[in-house]
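Residues in the sequence shown are numbered from 18 upward in steps of one, following the numbering used here.
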Amino acid sequence: MSPAESAPAAAAEPPVDGAITQAGRDDTGSTAAAAVTANTGSAGATLDEVVLAQPRGFCAGVDRAIEIVERALARFGAPIHVRHEIVHNTYVVADLKAKGAIFIEDLDEVPPGATLVFSAHGVSKAVRAEAAARGFQVFDATCPLVTKVHVEVAKLAREGYEFIMIGHKGHPEVEGTMGQLTSGIHLVEDEADVSRVQLRDESRVAVVTQTTLSVDDTRAMLGAIKRRFPLVREPKQQDICYATQNRQDAVKLLAGGVDVVIVVGSPTSSNSNRLRELAERLGTPAYMIDNAGELQPAWLTGARRVGLTAGASAPELLVEKVIARLRELGALSVRKMGGVEEHIEFPLPLGLGDRAMAQAAADAAAAATARS
Ligand code: SF4
Numbered sequence: 018m019s020p021a022e023s024a025p026a027a028a029a030e031p032p033v034d035g036a037i038t039q040a041g042r043d044d045t046g047s048t049a050a051a052a053v054t055a056n057t058g059s060a061g062a063t064l065d066e067v068v069l070a071q072p073r074g075f076c077a078g079v080d081r082a083i084e085i086v087e088r089a090l091a092r093f094g095a096p097i098h099v100r101h102e103i104v105h106n107t108y109v110v111a112d113l114k115a116k117g118a119i120f121i122e123d124l125d126e127v128p129p130g131a132t133l134v135f136s137a138h139g140v141s142k143a144v145r146a147e148a149a150a151r152g153f154q155v156f157d158a159t160c161p162l163v164t165k166v167h168v169e170v171a172k173l174a175r176e177g178y179e180f181i182m183i184g185h186k187g188h189p190e191v192e193g194t195m196g197q198l199t200s201g202i203h204l205v206e207d208e209a210d211v212s213r214v215q216l217r218d219e220s221r222v223a224v225v226t227q228t229t230l231s232v233d234d235t236r237a238m239l240g241a242i243k244r245r246f247p248l249v250r251e252p253k254q255q256d257i258c259y260a261t262q263n264r265q266d267a268v269k270l271l272a273g274g275v276d277v278v279i280v281v282g283s284p285t286s287s288n289s290n291r292l293r294e295l296a297e298r299l300g301t302p303a304y305m306i307d308n309a310g311e312l313q314p315a316w317l318t319g320a321r322r323v324g325l326t327a328g329a330s331a332p333e334l335l336v337e338k339v340i341a342r343l344r345e346l347g348a349l350s351v352r353k354m355g356g357v358e359e360h361i362e363f364p365l366p367l368g369l370g371d372r373a374m375a376q377a378a379a380d381a382a383a384a385a386t387a388r389s
């Protein structure tokens, strides 16, 4: 199923491919009077155009995770317990709660015999073992790209490696990846952390990264690690996922051509935060909002063009509501930038997907185990 098909209440792409579509003042009715008037830049300029980043919003891992909860609800009925927010988005979590999902942090909160879904961020081996010991029916919504990191950590650990993980303390993906081992994995959030790392053997150390970090931040940290540990083994290819990379590349293209960037995403969403930071680092004021109601007209003062993007866990429906709000504030047109079209789909777990997809997932897992 495509991201659009599985998005909760997601609506169709606005008809804006390539060309400017005039929304017209008629679309906004009396609210057109609320158009933001520039007080900097061109004299008399008003908010004119909304430019949409491409790609933006749901990635394949988020799409799959939401679909797993929805399919579990359809198949087994409510409630379905989900460990941690399935993805970091307020709207998505509220929508699934309304459909019968119960979000928990501690497995003590799950009754015997319940169906449990692990979130897209992944879990530690201890959590996985505890869920099995308690006899829950488990469906694993860990993004396959996160699982790939887990498999790599397990494989290299068996070869005697220790790890330096670049990531944010307390983020569930970091807890899940670090929890693949009971020792020998060191979290670094900044260069000062790198200077404090103590290793058993500096010739057997590998780097892993949280998938949703800024590519630029990771590069700088990797440089610091290599200066301290010249023999460090770098990831074969950066663990930054395709979706994070594509959304950041789109913001790089977007930021230079607009006066302000709005990122749709929840405060807990790492990749959404990174998009906002990236735009700001490129010199464009940038704000992150969870929904259209958080958009402050003052941010648009002096702006003719507003760039709009969304983190990998934010549904397109929320982007459309922000566009509607920008039109209320005077935007006349909406234009979608050119950019990467994503067609990636991840297979569903056995027991929820169609047979072919589920078999492909089982084959991929068996192949990964055989390689490791
Ligand atoms: S952002 Fe990347 S790693 Fe995270 S769920 Fe999406 S595809 Fe997976």
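Glycine included, C-beta positions come from ideal geometry on N, C-alpha and C.
Where does Asp125 land, buried or exposed, given buried means 16+ other C-beta within 10 angstroms? Numbered from 1 along the sequence shown, position 108 holds the residue referred to as residue 125. Exposed, since its Cβ has fewer than 16 Cβ neighbours within 10 Å.
Using the Cβ count rule (16 or more neighbours within 10 Å means buried), how would you classify Ser212? Indexing the sequence shown from 1 puts residue 212 at position 195. Ser212 is exposed by the Cβ-count criterion.
Status (buried if at least 16 other CB within 10 Å, exposed otherwise) for Ala131: Your numbering for residue 131 matches position 114 in the sequence shown. Buried, by the Cβ-count rule.
Ends of the alpha helix (DSSP H) at Ala415? Residue numbering for the chain in the displayed model covers 18 to 389; residue 415 lies beyond these limits and cannot be assessed.
How about Val163: is its Cβ closer than 7 Å to a heavy atom in the ligand SF4? Position 146 of the sequence shown holds residue 163. Yes - the ligand SF4 has a heavy atom lying nearer than 7 Å to the Cβ of Val163.
Below 8 Å, how does it come out for the stretch 326 to 333 and the stretch 72 to 92: are there three or more Cβ pairs, yes or no? yes
If you reduce the DSSP assignment to three classes, tell me which class Ala178 lands in. As a working note, residue 178 is residue 161 in the sequence shown. In the sequence as presented, Ala is not what sits at residue 178; that position holds Tyr. DSSP places Tyr178 in coil when its eight states are reduced to three.
Residues near Val222 by beta carbon distance below 8 Å, same chain, minus five either side: For the purposes of this step, residue 222 is taken as the residue at position 205 of the sequence shown. Closer than 8 Å at Cβ, skipping near neighbours: Tyr178, Glu179, Phe180, Ile181, Leu216, Phe246, Leu248, Val249 and Arg250.
Can you tell me whether Ala15 sits near the ligand SF4, meaning its C-beta is under 7 Å from at least one heavy atom of the ligand? With the chain running from 18 to 389 in the structure shown, residue 15 is simply not present.
Indicate the three-state DSSP secondary structure (helix, strand or coil) for Gly61 in the structure shown. As a first step, residue 61 must be located in the sequence shown, where it is residue number 44. Confidence at Gly61 is low in this model, with a pLDDT of 44, below 50, so its placement is unreliable and no value can be given for it.
Within the continuous beta strand (DSSP E) that includes Ile121, where are the two ends? Along the sequence shown, read from residue 1 onward, the residue named residue 121 stands at position 104. Run containing Ile121: Ala118 to Ile121, per the beta strand (DSSP E) assignment.
Would you call the stretch 86 to 95 and the stretch 273 to 284 in contact, with 3 or more CB pairs under 8 Å? no
Indicate the three-state DSSP secondary structure (helix, strand or coil) for Thr318 in the structure shown. The residue given as residue 318 occupies position 301 in the sequence shown. If DSSP states are grouped into helix, strand and coil, Thr318 belongs with coil.
Identify every run of the alpha helix (DSSP H) within the stretch 249 to 294, keeping only runs that are complete inside it and at least 4 residues long; order them along the chain. 259 to 272
Where does Thr229 sit, in a helix, a strand or coil, going by DSSP? Here the question's residue 229 lines up with position 212 in the sequence shown. Note: Thr229 maps to coil in three-state DSSP.
Please name the residue in Arg81, Asp266 and Val67 whose C-alpha comes closest to that of Leu367. Looking up residue 367 in the sequence shown gives position 350. Closest option to Leu367, Cα to Cα, is Arg81.
Residue from Asn106, Phe363, Val109 and Arg100 whose Cα sits closest to the Cα of Glu122: The sequence position of residue 122 within the sequence shown is 105, counting from 1. Minimum Cα distance to Glu122 is reached at Arg100.
How close, in whole Å, do the beta carbons of Tyr108 and Asn290 come, if the pair is a contact with beta carbons under 8 Å? Within the sequence shown, residue 108 is the residue found at index 91, counting from 1. Within the sequence shown, residue 290 is the residue found at index 273, counting from 1. Contact doesn't hold; Cβ gap of about 17 Å is too wide.
Cβ neighbour criterion (16 or more within 10 Å) applied to Thr199: Translated into positions along the sequence shown, residue 199 becomes position 182. Classification of Thr199: exposed, given that the 10 Å Cβ count is below 16.
Within its chain, find whatever has a CB closer than 6 Å to the CB of Leu260; leave out the 5 residues flanking it on each side and keep chain order. For the purposes of this step, residue 260 is taken as residue 243 along the sequence shown, with counting starting at 1. According to the sequence provided, residue 260 is Ala. The question's Leu does not apply to it. Excluding positions up to five away in sequence, the list reads Cys76 and Ala329.
Here's the rule I'm using: 16 or more other beta-carbon atoms within 10 Å means buried, otherwise exposed. How should His105 be labelled? In the sequence shown, counting from the first residue as 1, residue 105 sits at position 88. Buried, since its Cβ has 16 or more Cβ neighbours within 10 Å.
Beta-carbon contacts of Val357 that lie in its chain and below 6 Å, excluding the five residues immediately before and after: As a position in the sequence shown, residue 357 is number 340, starting the count at 1. Taken in chain order, the residues that qualify are Pro72 and Asn263.
DSSP-derived helix/strand/coil call for Ile202: Taking the first residue of the sequence shown as 1, we reach residue 202 at position 185. DSSP places Ile202 in strand when its eight states are reduced to three.
Residues of its chain near Phe93, where Cβ-Cβ distance is below 6 Å and the 5 sequence neighbours each way are ignored: Within the sequence shown, residue 93 is the residue found at index 76, counting from 1. Answer for Phe93: Thr132, listed in chain order.
Among the residues of its own chain, which have a CB less than 8 Å from the CB of Glu147, if the five just before and after it don't count? As a first step, residue 147 must be located in the sequence shown, where it is residue number 130. Closer than 8 Å at the Cβ level, and outside the excluded window around Glu147, lie Leu124.
Would you check if the stretch 108 to 117 and the stretch 284 to 298 touch, i.e. whether three or more CB-CB distances between them fall below 8 Å? no
C-beta atoms of Gln197 and Ala171 nearer than 8 Å: By one-based count along the sequence shown, residue 197 stands at place 180. By one-based count along the sequence shown, residue 171 stands at place 154. Yes.
Can you name, in chain order, every residue of its own chain whose Cβ lies under 6 Å from the Cβ of Arg293, other than the five neighbours on each side? The residue labelled residue 293 in the question sits at position 276 within the sequence shown. The residues are Val280, Ala303 and Met305.
If you follow the alpha helix (DSSP H) that Ile103 is in, where does it begin and where does it stop? On the sequence shown, residue 103 is found 86 positions in, with the first residue counted as 1. Note, Ile103: premise wrong, no alpha helix (DSSP H); not H, not E.
For Ala131, does the three-state DSSP call read helix, strand or coil? If you number the sequence shown from 1, residue 131 lands on position 114. Ala131 falls in the coil class under three-state DSSP.
Have a look at Asp350 and Lys243 and give me their C-alpha separation to the nearest angstrom. Locating residue 350 in the sequence shown gives position 333, counting from the first residue. Locating residue 243 in the sequence shown gives position 226, counting from the first residue. Residue identity check: residue 350 is Ser in the sequence provided, not Asp. Those two C-alpha atoms are separated by around 48 Å.
Quick one: using the 10 Å Cβ neighbour count with 16 as the cut-off for buried, is Lys353 buried or exposed? On the sequence shown, position 336 is the one that residue 353 refers to. Buried, by the Cβ-count rule.
Kindly list the residues whose CB is nearer than 6 Å to the CB of Ala331, restricted to its own chain and excluding five residues on each side of it in sequence; keep chain order. Start at 1 with the first residue of the sequence shown, and residue 331 comes out as number 314. Excluding positions up to five away in sequence, the list reads Gly74, Asn106, Val281 and Gly282.
Taking only the alpha-carbon atoms, compute the straight-line gap between Leu162 and Ser286 and give it to the nearest angstrom. Against the sequence shown, residue 162 aligns to sequence position 145. Against the sequence shown, residue 286 aligns to sequence position 269. Cα-Cα distance, rounded: 17 Å.
Chain-order list of residues whose beta-carbon lies under 6 Å from that of Glu208 (same chain, five-residue window excluded): Looking up residue 208 in the sequence shown gives position 191. Only Ala241 meet the Cβ criterion.
From which residue to which residue does the beta strand (DSSP E) around Val155 run? Walking along the sequence shown from the start, residue 155 turns up at place 138. Looking at the DSSP string, the run of the beta strand (DSSP E) that includes Val155 is Gln154 to Asp157.
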